[in-house]
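Protein sequences appear in the order of chains A and B.
Residues 1 to 767 in our numbering are what the first sequence spells out, letter by letter.
Residues 1 to 197 in our numbering are what the second sequence spells out, letter by letter.
Virtual Cβ for every residue (Gly too), placed ideally from N, Cα, C.
All of these numbers come straight from a predicted model, not from anything done at the bench.
Comments concern the structure below.
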Amino acid sequence: MPASLDCPGADCWDALFGDTVAPEQRERYERHLESCPACQERLDQSVECRDELVGLVRQVGDPTTLPPEPALAEVLDRLHEVTSPISVAAVDAADLYFLRPGERPDLLGTLGNYEVEEVIGQGGMGVVLKAFDPALHRLVAIKVMAAAVAGSATARKRFTREAQAAAAVFHDHVVTVHGVHEADGLPYLVMQYVAGESLQARIDRTGPLDVVEIVRIGMQTAAGLAAAHAQGLIHRDIKPANLLLENGLARVKITDFGLARMVDDVGLTQAGVVAGTPEYMAPEQARGEAVDHRADLFSLGSVLYAMCTGMPPFRGSSAVAVLRRVSDEEPKPVRPLNPDVPAWLEAVITRLMAKDPADRFQSAAEVAALLEGYLAHLRQPTLITAPELPPSPAQPQREGSDPDLRIGVASWFRRPRRLTVLVLVAVVGLVSSVVLLGTTTQEGPRPAQEFFYDFRGGRQPPPCFMPLGPDAHDLVRPEAKGLRITLPADRPQTDPVGLELTSTIKGHCEITVGYEILQAERPKAGYGVGFEFFVETATPTREGLGLYRVVRAKEGEVYMVSRNTTENGKRQYKQKYVPAASRSGWLRLTRTGTEATLLAAEADSDDFRELCRYDLGAEDLTRVRLTAYVGYDRSAVDVRVLDLRIRADGLVVDQGLDTPMASEAGGPTRSSGWLAAGGIIGLAVLLLLLIPLGVWFRARRGGRAGKAPPQDGPAEGGATGAPLHFRCPACGKNLTAKAGAAGKKVKCPKCRQAVLVPAVKAGRSSS
Amino acid sequence: MAEIPPTRASLLLRLRDAQDGEAWREFVDLYAPLVYGYARKQGLQDADAADLCQDVLRAVAGAVGRLEYDPRRGAFRNWLFTVVRHKLSNWQAAQANRAQASGDSATHQLLEQCPAPEGMEGEWEAEWERRLVAWACEQARRQVSDTTWQAFWRTAVEGQPGKQIAADLGLTVAAVYHARSRILARLKELVGSVQEP
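Here you go:
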């Protein structure tokens, strides 16, 4: 039947069924369709019926008539209910499978020697039970790890270790841990039983608290945290639900020390599975960066905020949304929400909740003392004035403020570097001592921090090293000669396997790793197989630099240098290969300003040669990976990691509790005044001695002008007549100018920017 | 037909969001049948296939949450396939040991006739396509009324005339075609939510 002229066209039907038609048109079309066989027929034959997906649906058949798969249905049920890594299942008998039947009918059962009376709480970590200890005749609270968490050996070990550490903290405001035990391989924690409610329950019940109460609870929490921090213990999950208010006594007890981090071990989720909410988390935690005790101070600020306003500072429809807010947004000011809150309390909260840990109070003890002062003022406002809020720490003394970090303070200004500067000055020759002062303040002695870990000796690496790769637990093992990583041939995955150091490395830095390749067959294809050393910036998808010692299909033994950058959402890889001789040695990355230099030394030599340079930017480095690498190949690889050394302007290593780090402790930071004085004397003496030496040195190395000495030596160029080599700060192009051009501007031929010619090019040495 | 929920982010992304409990369910519903179906095709019995399936899904779930799966290295299902193959070869090795111990040479021979990896990959892809479509149909069907689903099925899949379907189901003719358009769009969206580069 042919369609008549007044039939709507195909586009009209598309509009109708795509819901993009005006209501009055819709009615007209629908009426027409009801009575027009031609249009019906056309629609019956519509392209939709010939759609590829419809064809597939036809092949698969009606879901309601497919043959049943009972075994599958059963698995689906099991997976839905039992192993959901995300949803927290309700407590039922199945979750208490670890209990043995007890003699008394009013008990749930027994666990070890404890008589379990009831379930008092539950979270992603496990259940909390109220039990009676007949031996000591007291009530206890028992926390049992969830089966999913207990499945991970790392999580079990850490649970035990952290619990033992928590047991060492005795404080009025910390729940006492009696001990950690195990039943049938399932670890459980026995704690003091606190009768009362949590702060969360209290806020839910009453809304915002009185100011006196807020300050008292805040003060007690800070005091409890100070005691734990003094033991090197970070809570990581301070929130109202973890603060218990003991009945009758107005006393706060902090519970669940250090338990939050186990969730990371099993990888249940990145986002605060313990409570299902990251609302009180510090921004550095939200970003997955290394944290120190100041993360707890941020959370304390969030708790104060919640007590003032009745709600957490950051809320969102999902954990991810909350995390984004925690990281990027400022909370709404407290006082408009609760006018009873005094300005000083708002100021304390703002300081605690500073995004940058360096801008917060630097210790819990400081906060406790301050709040105690305010509390005294609140009680006797006419007699005692409110304390002054101390000024914000302008230049944070990181190493002094990290009681849980025993990182050695080492001066970058060791002998060779001092020599470098002096030789450099001597080569410049005619430059006055004013320049020396300028140089030392600019390039001068930085309070560098150092981390060193020796993998030799067969110890289990500390928890700051996280296993990397799905099968890492089987393939990585500590041995007397170093950390051995053995990948068998034809392993199903091609992921790199090894360790990742979680840390924050700021500013100038030097990272050196010692390695040995025991076995690496020449692969058939791929980037190569061997050892990988990789660093990533804090924004994990932005910049990564890898330095590899690999065997390639074609070239054989090479160093491979790789830079991965993300621009406009696209990942770009740059690779470079440099011939290598020995299968052991050191790989090193240094960063000066934004420029990263990758270097390698063969075997036992400490003669580092430069492989290449990249602009890495100035962002913090947060991950250092040491792995065996197979590219896309499936060859067998066997490597050993010997040691890792990091020196940096700022260094925070998320190292857990025990710190078997043999940090090479240097002397205290030398003042630049001392240095300048030494420099001037040195200048006077060395000017005479070193000008000829510098000229001789340059002449001797003339043929290798392009290659800087690996350790220390004079920088190229200067006022001696040799050309000045430098980089365009705008586009990075290597530029050359006449010696006399120092201090003048030249135009970069590439980007056409006016560039100031530096007097001396900064030395390439890295120590 | 306002019963169809709006577009959501890709399933794997949602899986990393702790609050999105529904994502885990959808994930299990999609990938467990794939692993199970494939294991059955490789000659595993009902119960063995179910065990293997549970094993794989547990292993994978942890890794996805930890972001160990790296999308740059290829599609998720390819990664899943390597995990499955690994578990399968472990299972087969265990079977072979048992067969040798019991002198059951027939079983052993059967195992030695395992298909080559190329064939395995093809079978995996075929199973994926089938399970993906079945999953999308099941998800879509659950989100609409039975009548709407019937209307879609009969017009789009079986090619019956709209007028007839409308009369049988007590709908207007327009409603029948509407059901077809909406559900087809929903199916595409569901398939798209797990389609990977």
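Please report how far the alpha carbon of residue i lies from the alpha carbon of residue j, in whole angstroms.
| i | j | result |
| --- | --- | --- |
| R216(A) | T566(A) | 49 Å |
| L16(A) | A22(A) | 9 Å |
| D29(B) | V176(B) | 29 Å |
| G507(A) | Y527(A) | 31 Å |
| A58(A) | C49(A) | Checking the sequence shown, residue 58(A) turns out to be Arg, not Ala. Approximately 10 Å between the Cα atoms of the pair. |
| Q469(A) | E346(A) | Just to set this straight, residue 469(A) is Gly in the shown sequence, not Gln. When rounded, the distance between both Cα atoms is 45 Å. |
| G457(A) | L483(A) | 9 Å |
| K41(B) | L88(B) | 12 Å |
| E68(B) | L545(A) | Low per-residue confidence applies at E68(B): pLDDT is 47, beneath 50, and the placement is therefore not dependable, though the value from the model is reported in the following sentence. Their backbone Cα atoms lie some 19 Å apart in a straight line. |
| D237(A) | W344(A) | 25 Å |
| P37(A) | G162(B) | 10 Å |
| L599(A) | D356(A) | 33 Å |
| F451(A) | L589(A) | 15 Å |
| T502(A) | R625(A) | 9 Å |
| C7(A) | A23(B) | 45 Å |
| V561(A) | E595(A) | 15 Å |
Do residue i and residue j have their C-beta atoms within less than 8 Å of each other?
| i | j | result |
| --- | --- | --- |
| A580(A) | Y559(A) | yes |
| N804(A) | A141(A) | Any question about residue 804(A) goes unanswered here, given that chain A covers just 1 to 767. |
| I349(A) | L304(A) | yes |
| Q194(A) | T221(A) | The question names Gln, yet the displayed sequence has Val at residue 194(A). Against a cut-off of 8 Å, the Cβ pair of T221(A) and V194(A) comes out as no contact. |
| V174(A) | G218(A) | no |
| G179(A) | V169(A) | no |
| A636(A) | A754(A) | no |
| M353(A) | G301(A) | yes |
| C464(A) | R591(A) | no |
| A32(B) | L66(A) | no |
| A306(A) | P312(A) | yes |
| M145(A) | L186(A) | yes |
| L169(B) | T147(B) | yes |
| A166(B) | V173(B) | yes |
| G498(A) | A628(A) | yes |
| R549(A) | F531(A) | yes |
| F132(A) | E115(A) | yes |
Helix, strand or coil for residue i, going by three-state DSSP, please let me know.
| i | result |
| --- | --- |
| A22(A) | coil |
| M281(A) | coil |
| T537(A) | strand |
| Q826(A) | The structure shown does not extend to residue 826(A), since chain A spans only 1 to 767, so no value can be given for it. |
| D471(A) | coil |
| K143(A) | strand |
| H32(A) | helix |
| L383(A) | coil |
| S765(A) | The pLDDT assigned to S765(A) is 36, lower than 50, so where the model puts this residue is not dependable; a value taken from the coordinates is nonetheless given after this. In the structure shown, S765(A) sits in coil (DSSP, three-state: anything other than H, G, I, E or B). |
| S562(A) | strand |
| V190(A) | strand |
Identify which residue in the options has its Cα closest to the Cα of residue i.
| i | options | result |
| --- | --- | --- |
| E557(A) | E602(A), E543(A), T592(A) and T539(A) | E602(A) |
| A73(A) | G43(B), I183(B), V35(B) and E189(B) | V35(B) |
| A783(A) | S46(A), C308(A), S584(A) and M281(A) | Nothing can be reported for residue 783(A), as the shown portion of chain A is limited to 1 through 767. |
| R491(A) | P729(A), E543(A), D633(A) and V551(A) | D633(A) |
| Q493(A) | L475(A), G482(A), A368(A) and E479(A) | L475(A) |
| Q164(B) | S35(A), V119(A), V497(A) and L245(A) | S35(A) |
| L487(A) | V639(A), K554(A), L621(A) and P381(A) | V639(A) |
| V191(B) | C53(B), E158(B), V133(B) and W149(B) | V133(B) |
| D604(A) | H377(A), H181(A), A250(A) and L642(A) | L642(A) |
Could you give the first and the last residue of the continuous beta strand (DSSP E) run that contains residue i?
| i | result |
| --- | --- |
| K506(A) | V497 to A520 |
| I234(A) | Where I234(A) is concerned, there is no enclosing beta strand (DSSP E), given that its DSSP letter is neither H nor E. |
| K253(A) | R251 to I254 |
| T594(A) | Run containing T594(A): none; DSSP gives neither H nor E here. |
| I238(A) | Looking at the DSSP string, I238(A) is not in any beta strand (DSSP E), and its letter there is neither H nor E. |
Which residue comes first and which comes last in the alpha helix (DSSP H) that contains residue i?
| i | result |
| --- | --- |
| I214(A) | V211 to A230 |
| L616(A) | Counting along the chain, L616(A) falls outside any alpha helix (DSSP H), and DSSP gives it neither H nor E. |
| K163(B) | G162 to L169 |
| T148(B) | D146 to F152 |
| Y177(B) | V173 to V194 |
| R294(A) | R294 to T309 |
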